[in-house]
Amino acid sequence: MTRYSYVAIDASGNAARGTTRAESREDAELALYERELRDIRVTEKPGLLQLELTARRVKREEVMHLSRQLGAFVRAGLPLTEAVQSLAKDANNLAVRRMLIAVEDGLRDGEKLSDCLDRHPRVFPEYYRGILRSAELSGRLDTVLAQLAAYLERDLEARRKIKQALIYPSVVAGMSLVTMIVLAGFVLPRFKDFFAGLGADLPLPTRILLGFTDFLTTWWWALMAGTGLVVLVLAVVIGTIPGRYLRDRVFLSLPVVGKTVRFALIERFCRILSSMVSAGVQLPEALRVATGSLPNLVYRRSLSRVGEALLEGEGLARPLAATGLFPGAAGQMIRVGEDTGTLEAQLVVTAEFYESELDHKLKKLIGLFEPAVILLMGGVVGFVAIALVSAMYGIFRQVQ
């Protein structure tokens, strides 16, 4: 049986608090009602072991599934409170269940769904809550929940593609690092002892290789300490606003990488802006939320000035083009949307265009990264082979 804590009003009108055990939340509420308690609010209290085993953070995939299921329930005519209660009952993740129970309690108290979700900003981003708030006003909650689920699915698919594309280069880079460590720490020191025992003159590549090995085996602790110090300093610098801005500026200026990051940001911006506009959010508010969803400070600062220009009546396309952060094609498509009154549709077209461009850039980036890692690996192994073979050949000639 599960433990539940409750807050209620007893027969004399006083507040009553305590815990009870029951098979389910409904059974606990029924048992408390039979004890002549009213205005009952029940919250599950898991044990410590259960909390450690089942409590996890709410992943984006779970938010996507919740959005799709809740939209289906609302479309079927199920009251919102009952829909949330049903989702909470079926949730396997304890964090999701407790969050949905809190949302259900808020709905029973007369709050709106968006107000209940405002208490969980780490689970539901600001753009999600803003779109939902507009949907409640327009009565399109089921449609907007389906749109949010579709957006989250596209976002997850894009992240999945990036992770899959990075698997092979990461494995090759890891194997290269392991190979270098094994050569420097175990293989080459044995050859050094062998060459020293023969007392032969070694060629220059061999002397360079053995000197590098001596340096690594002698000063490995200093290299690790220096690397740790550099990482710590970078973490402190990037933790500041100027440091984050400089990091984002550097990423945007890198060859190939910069365009890939730029296209990813443009796709995300247009996708969220179009979703908010289609949900009935006013353009200045939609622009503010879409800007806040971007992780790049360079874009966020520039787009904040776009918001000011929009409020001054300059429109959207011209201030966006003035930032220099949006390609000409994006500005033209948004300008066409403004001129023809089809801004929402043009934003969707722009997002889809740069989504396909992002896929192309990712393939190009991975296509450049893989040969670079392989060439580096081949160069290291080739240099080691040349150094050892030349040393053995030299010793053989001296013996002859």
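Mapping of the sequence shown onto my numbering: residues 450 to 849, in sequence order.
Ideal placement from N, C-alpha and C gives every residue a C-beta, glycine not left out.
Since we're looking at a predicted model, the values are computed, not measured.
Terminal residues of the beta strand (DSSP E) in which residue i lies
| i | result |
| --- | --- |
| ARG466 | 464 to 471 |
Check: residue i C-beta below 7 Å from any heavy atom of the ligand MN
| i | result |
| --- | --- |
| LYS641 | Ligands are entirely absent from the displayed structure, and the ligand MN is therefore not among its contents. |
Segment limits, alpha helix (DSSP H) that includes residue i
| i | result |
| --- | --- |
| LYS508 | Neither: LYS508 is in no alpha helix (DSSP H) and is coded neither H nor E. |
| ARG484 | First-last for ARG484: undefined, no H or E at that position. |
| ALA671 | 653 to 687 |
| ASP788 | 777 to 789 |
| ASP650 | Here ASP650 belongs to no alpha helix (DSSP H), and DSSP marks it neither H nor E. |
| PHE700 | 690 to 702 |
| SER535 | 529 to 539 |
| GLU553 | 543 to 557 |
| LEU769 | 766 to 771 |
Burial state of residue i, where buried means 16 or more other Cβ atoms lie within 10 Å
| i | result |
| --- | --- |
| ASN463 | exposed |
| TYR482 | exposed |
| THR689 | exposed |
| PHE573 | buried |
| LEU678 | exposed |
| VAL533 | buried |
| GLY780 | buried |
| SER619 | exposed |
| PHE664 | exposed |
| ALA645 | exposed |
| VAL838 | exposed |
| GLU501 | Note that GLU501 scores a pLDDT of 38, beneath 50, so its modelled location is shaky and nothing firm can be said. |
| ALA766 | buried |
| PHE718 | buried |
| VAL682 | exposed |
| LEU498 | The predicted position of LEU498 is uncertain, since its pLDDT is 41 and thus under 50; a value taken from the coordinates is nonetheless stated next. By the neighbour-count rule (16 or more Cβ atoms within 10 Å), LEU498 is not buried but exposed. |
| VAL680 | exposed |
| THR662 | buried |
| ALA674 | exposed |
| ARG711 | buried |
Whether residue i touches residue j by CB criterion (8 Å)
| i | j | result |
| --- | --- | --- |
| LEU605 | LEU581 | no |
| LEU632 | VAL833 | yes |
| GLY756 | THR772 | no |
| ASP459 | GLU485 | yes |
| ILE687 | ARG696 | yes |
| THR666 | GLY634 | yes |
| ALA457 | ALA471 | no |
| LYS610 | LEU814 | no |
| ARG474 | VAL491 | yes |
| GLU716 | GLU804 | yes |
| GLU801 | GLY579 | no |
| ILE823 | THR799 | no |
| SER742 | GLN596 | no |
| LEU854 | VAL523 | No answer is possible for residue 854: the residues shown for the chain start at 450 and end at 849. |
| GLU510 | VAL545 | no |
| ALA758 | PRO768 | yes |
| GLY729 | SER563 | no |
| LEU821 | PRO652 | The amino acid occupying residue 821 in the given sequence is Ala; Leu does not appear at that position. In this structure, PRO652 does not lie closer than 8 Å to ALA821 by Cβ. |
| LEU774 | SER751 | yes |
| VAL507 | ASN542 | yes |
| ILE489 | TYR455 | yes |
| LEU746 | TYR694 | yes |
| GLU819 | TYR600 | no |
| GLU568 | ALA551 | As written in the sequence, residue 568 is Arg, which differs from the Glu given in the question. Yes; because the gap between Cβ atoms is below 8 Å, this pair is in contact. |
| ALA598 | MET513 | yes |
Same chain, Cβ closer than 8 Å to residue i, five either side skipped, listed in chain order
| i | result |
| --- | --- |
| VAL785 | THR791, GLN795 |
| VAL705 | LYS810, LYS813, LEU814, LEU817 |
| ILE657 | ALA836 |
Spatial neighbours of residue i in its chain, beta-carbon cut-off 7 Å, leaving aside the 5 residues before and after
| i | result |
| --- | --- |
| LEU536 | LEU515, GLN518, LEU519, LEU549 |
| MET629 | VAL829 |
| GLY764 | GLU787 |
| LEU760 | PRO733 |
| GLU553 | THR530, VAL533, GLN534, ALA537 |
| ARG557 | THR530 |
| TYR748 | LEU714, LEU774 |
Neighbourhood of residue i by C-beta, 6 Å cutoff - its chain only, sequence neighbours within 5 removed
| i | result |
| --- | --- |
| ALA713 | LEU807 |
| PHE845 | none |
| SER727 | GLU793 |
| ILE835 | PRO654 |
| GLY707 | LEU701 |
| ILE641 | According to the sequence as given, residue 641 is Lys; it is not Ile. Cβ within range, chain order: LEU659. |
| ARG639 | none |
| ALA622 | VAL822 |
| ILE721 | TYR576, ALA739, SER742 |
| GLY843 | PRO652 |
* To do: Only counting runs of 4 or more residues, tell me where the alpha helix (DSSP H) segments fall wholly within the stretch 719 to 749, in order along the chain.
  => For the stretch 719 to 749, the full-length alpha helix (DSSP H) segments reaching 4 residues or more read 732 to 741 along the chain.
* Asked: Fully enclosed by the stretch 561 to 602, which alpha helix (DSSP H) runs are 4 residues long or longer?
  -> Within the stretch 561 to 602, the complete alpha helix (DSSP H) runs of at least 4 residues are 562 to 566, 575 to 587.
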